[in-house]
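**Student:** Before anything else, here's the structure in question.
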Amino acid sequence: MTATVSTISAAITATENLLHYGFMRRALIAALLVGLAAPSVGIFLVQRRLALIGDGLGHIAVTGVALGLVLNRAPVPIALITAVTGAVGVELIRARGEQSAEIALAILFYGGIGGGVVLASQAPSGSRNLTQYLFGSIATTSSGDLTTFAVLAAVVVCTAVVLGGALFSVSNDDEFARASGLPVMRLNLLLAALSAFTVVVSMRIVGVLLVSALMVVPVAAAQLVARSFRSTFVIGLGIGVVVSLSGVIVSFYADTPPGGTIVLFAIGVFAVLLVVVNVGRIVHRR
Amino acid sequence: MSEASVIEVRDGQFGYRGQVAVRAGLQIDAGEFVALLGPNGSGKTTLLKGMLGLVDRLAGAVELFGQPLREFRDRSLIGYVPQRQTAAGPIPVTVRELVRSGRLAHKGLIKRRSRLDDAAVAEAIDAVGLGDKAREPVSTLSGGQQRRALMARALAGGATVLLLDEPLAGVDQANQEALADALGVLVDRDTAVTVVVVLHELGPLEPLVTRAVCLDAGAVRFDGPLATAPAALLHLGHDHDPHGGDPHAGRPNRPRIGLVP
Chain A
2 MTATVSTISA AITATENLLH YGFMRRALIA ALLVGLAAPS VGIFLVQRRL ALIGDGLGHI
62 AVTGVALGLV LNRAPVPIAL ITAVTGAVGV ELIRARGEQS AEIALAILFY GGIGGGVVLA
122 SQAPSGSRNL TQYLFGSIAT TSSGDLTTFA VLAAVVVCTA VVLGGALFSV SNDDEFARAS
182 GLPVMRLNLL LAALSAFTVV VSMRIVGVLL VSALMVVPVA AAQLVARSFR STFVIGLGIG
242 VVVSLSGVIV SFYADTPPGG TIVLFAIGVF AVLLVVVNVG RIVHRR
Chain B
26 MSEASVIEVR DGQFGYRGQV AVRAGLQIDA GEFVALLGPN GSGKTTLLKG MLGLVDRLAG
86 AVELFGQPLR EFRDRSLIGY VPQRQTAAGP IPVTVRELVR SGRLAHKGLI KRRSRLDDAA
146 VAEAIDAVGL GDKAREPVST LSGGQQRRAL MARALAGGAT VLLLDEPLAG VDQANQEALA
206 DALGVLVDRD TAVTVVVVLH ELGPLEPLVT RAVCLDAGAV RFDGPLATAP AALLHLGHDH
266 DPHGGDPHAG RPNRPRIGLV P
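Protein chains in written order, with our numbering: chain A, 2 to 287; chain B, 26 to 286.
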């Protein structure tokens, strides 16, 4: 008991220490936003069996980030435009449903990352800065970024809640949704745009190459213990927030990149739940 | 109004990527129970999807309730039950959540769920006999129960026309009968539901079917009362009877038509 109390008070002191730093306050807020936004979109992508599409959008966003570095202007808005354009393009290619669609997507994704790396090498600051956007960095979130992230994350989470029924229907059974007269194409484009927004929200803390993990892994962990779509959504968001915040805190003390730390935490939660659920099943059978 | 046409296909040609898979013209009136029968690849599923605008229409016209398909907005009147081996995806979904998605056409996308919506969902779940499973994840249900859940989803919006694609395929006898019972109740109601069902085998639905549309190689070979359908067309490539006897002999104990041994 005493040990627990002293651990908690140590944690509180440590958090207070963290909050002395302005950059850490901003990093924690950005982590909270991405922790909420990523699983909100991810649940529909996973249900649609498009878990890896966020990864592709991240690749495309790399070009946007690099363009920002070359032009020496705010990379966040430029990445937003690139990611949304890319997401709409991806959805239109997919909707054609042709055999060659997969190859077209691969070319788009690798073109995004290839173009981004080459562009960034021409930036005045060189390509060193690019790494921060690929894998996250706790020291770089500005107040301006936070405003953008907050607006985008609010749009993502509110849309996922308000239009959740329609997004669920389309993700769960696209053909039934079409027969019901739902605007399937528009809903798919909306989901693509929300995914692009999430990629941008992730830029500072998680990094565009790792955001897909935060869209998918908390949801994958939640579905191990949930019995409904709604509870998967709620638990997924909870896991997203917890791993994002704890990832940022640990990366501060351990001096590790926050994106990787957050993703490893999320995978850790998944692994623990997987073991607990399976042990539970074995015990239950006996 | 009992004879009002609910679905009309005029000189329809349907298919995929510009290739015609089926040609058909037919008019389905309110209260009919139409079976689209035929062997694999005969075009029966394509025809059903063509009625809903889910495949390419390469020629002809489709009207629902007297309106051209494209202009028809009251989609909640149409309940579609697609052929699915499973109604479950990677994320757990309860029967109630699945059935609620059938309510969207009626409720609208943004409006909050009302008590009326909840009642309609509960009624649809009860109608297919899954009342005690409403809170269960769909993935824990048997294949037959999952089909019934899909039927409840189609009913939840208040559909007066049901289009079912192979609802009996891969479903055990008990669930086939439960499904037939649920359909039987629907067609016996005062406001009878019109049913169009794609079938491989008539099974326990046989007593309900009022009209058979037999397809082969992408064309309608017979369209009329089930009792007058030529036996050869009802044998559907499953149950080849070398004597070609009366397809209704031995009913009701032995539904011979297309029965998989």
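Note that CB positions come from ideal geometry on N, CA and C, so glycine has one too. Please read all numbers here as calculations on a predicted model, not as lab measurements.
Give the secondary structure of B:SER30 by DSSP, where H, G and I count as helix, E and B as strand, and everything else as coil.
**Tutor:** strand
**Student:** Quick check on B:ALA199: does DSSP put it in helix, strand or coil?
**Tutor:** In the three-state reduction of the DSSP assignment, B:ALA199 falls in the helix class.
**Student:** Specify the secondary structure class of B:PHE97 as computed by DSSP and reduced to three states.
**Tutor:** In the structure shown, B:PHE97 sits in coil (DSSP, three-state: anything other than H, G, I, E or B).
**Student:** Strictly below 9 Å CB to CB, what residues from chain B border A:ASN189?
**Tutor:** Ordered by position in chain B, no residue passes the 9 Å Cβ test against A:ASN189, which lies about 14 Å from the chain.
**Student:** Restricting to runs no shorter than 4 residues, where is the alpha helix (DSSP H) found entirely within the region 74 to 117 of chain A?
**Tutor:** 76 to 97
**Student:** How would you label B:ASP241, buried or exposed, when you count the other beta carbons within 10 angstroms and need 16 or more for buried?
**Tutor:** buried
**Student:** Using only the alpha-carbon positions, how far apart do A:GLY113 and A:ALA84 sit?
**Tutor:** 10 Å
**Student:** Please name the residue in B:GLN52, B:LEU73, B:ARG128 and B:ARG109 whose C-alpha comes closest to that of B:GLY91.
**Tutor:** B:GLN52
**Student:** Quick check on the DSSP output: the beta strand (DSSP E) that includes B:PHE58 runs from which residue to which?
**Tutor:** Start and end: 58 to 62.
**Student:** Quick check on the burial criterion: 16 or more other C-beta atoms within 10 angstroms. Buried or exposed for B:THR216?
**Tutor:** Per the 10 Å Cβ criterion, exposed.
**Student:** So which of A:ILE13, A:LEU33 and A:PHE24 has the shortest CA-CA distance to A:LEU246?
**Tutor:** A:LEU33
**Student:** Any beta carbon of chain B sitting closer than 8 Å to that of A:ASP174?
**Tutor:** yes
**Student:** Determine the burial state of B:GLN171: buried for a count of at least 16 other Cβ atoms within 10 Å of its Cβ, exposed for fewer.
**Tutor:** By the neighbour-count criterion, in which a residue is buried when 16 or more other Cβ atoms sit within 10 angstroms of its Cβ, B:GLN171 is buried.
**Student:** Quickly, what does DSSP pair B:GLY104 with across the bridge? List them, please.
**Tutor:** B:LEU187
**Student:** Closer than 7 Å by C-beta to A:GLY69: which residues in its own chain qualify, once you throw out the five before and the five after it? Chain order, please.
**Tutor:** ALA75, PRO76, ILE79 and ALA80
**Student:** Taking C-beta pairs closer than 9 Å, name the residues in chain B that A:ILE54 reaches, listed in chain order.
**Tutor:** Correct list: empty, because the minimum Cβ distance to chain B is about 14 Å.
**Student:** Do B:HIS104 and B:LEU224 have their C-beta atoms within less than 8 Å of each other?
**Tutor:** The sequence shown places Gly at residue 104 of chain B, not His. No, these two residues do not count as a Cβ contact at 8 Å.
**Student:** Report the option in B:SER126, B:PRO162 and B:PRO64 whose CA atom is closest to the CA atom of B:GLY182.
**Tutor:** B:SER126
**Student:** Who are the neighbours of B:THR119 on chain A, taking C-beta pairs under 8 Å?
**Tutor:** ARG228, SER229 and PHE230
**Student:** May I ask you to list the residues that DSSP assigns as paired with B:PHE247?
**Tutor:** Note: B:PHE247 sits in a beta bridge opposite B:CYS239.
**Student:** Please return the same chain residues whose Cβ sits closer than 7 Å to the Cβ of A:SER122, not counting the five positions on each side in sequence.
**Tutor:** SER128
**Student:** Give a yes or no on whether the C-beta atoms belonging to A:GLY208 and A:LEU135 are separated by under 8 Å.
**Tutor:** yes
**Student:** Below 8 Å between beta carbons: does that hold for A:ALA267 and A:LEU215?
**Tutor:** yes
**Student:** Run through chain A and tell me which residues come within less than 7 Å of B:SER126, C-beta to C-beta.
**Tutor:** GLY166, PHE169, SER170 and ASN173
**Student:** Looking at the unbroken beta strand (DSSP E) that takes in B:GLN44, where does it start and where does it end?
**Tutor:** Run containing B:GLN44: 44 to 54, per the beta strand (DSSP E) assignment.
**Student:** Interface residues of chain A around B:ALA130 at Cβ under 8 Å?
**Tutor:** SER181, GLY182 and LEU183
**Student:** Flag A:GLN100 as yes if its beta-carbon sits less than 8 Å from any beta-carbon of chain B, otherwise no.
**Tutor:** no
**Student:** Which stretch, first to last residue, makes up the alpha helix (DSSP H) that contains A:THR16?
**Tutor:** A:THR16: member of the alpha helix (DSSP H) spanning 3 to 20, first to last residue.
**Student:** Check A:THR142 in the structure and name its three-state DSSP category.
**Tutor:** coil
**Student:** Could you check the C-alpha separation between A:LEU20 and A:VAL158 for me, to the nearest Å?
**Tutor:** 26 Å
**Student:** Suppose the cutoff is 6 Å on Cβ atoms and the five residues either side in sequence are ignored; what does the same chain contact list for B:GLY262 look like?
**Tutor:** Since pLDDT at B:GLY262 reaches only 48, below the 50 mark, its modelled position is unreliable, and no value is offered.
**Student:** Helix, strand or coil for B:GLY40, going by three-state DSSP, please let me know.
**Tutor:** strand
**Student:** Which word fits B:LYS69, buried or exposed, when buried means at least 16 other C-beta atoms lie within 10 angstroms of its C-beta?
**Tutor:** buried
**Student:** Run the CB neighbour count on B:GLN198, radius 10 Å, all protein chains shown included, and call it buried at 16 or more, exposed below.
**Tutor:** exposed
**Student:** Within 10 angstroms of the Cβ of A:GLY98, are there 16 or more other Cβ atoms? Answer buried if so, exposed if not.
**Tutor:** exposed
**Student:** Cβ of B:ILE103 less than 8 Å from any chain A Cβ?
**Tutor:** Yes, because at least one Cβ of chain A sits closer than 8 Å to the Cβ of B:ILE103.
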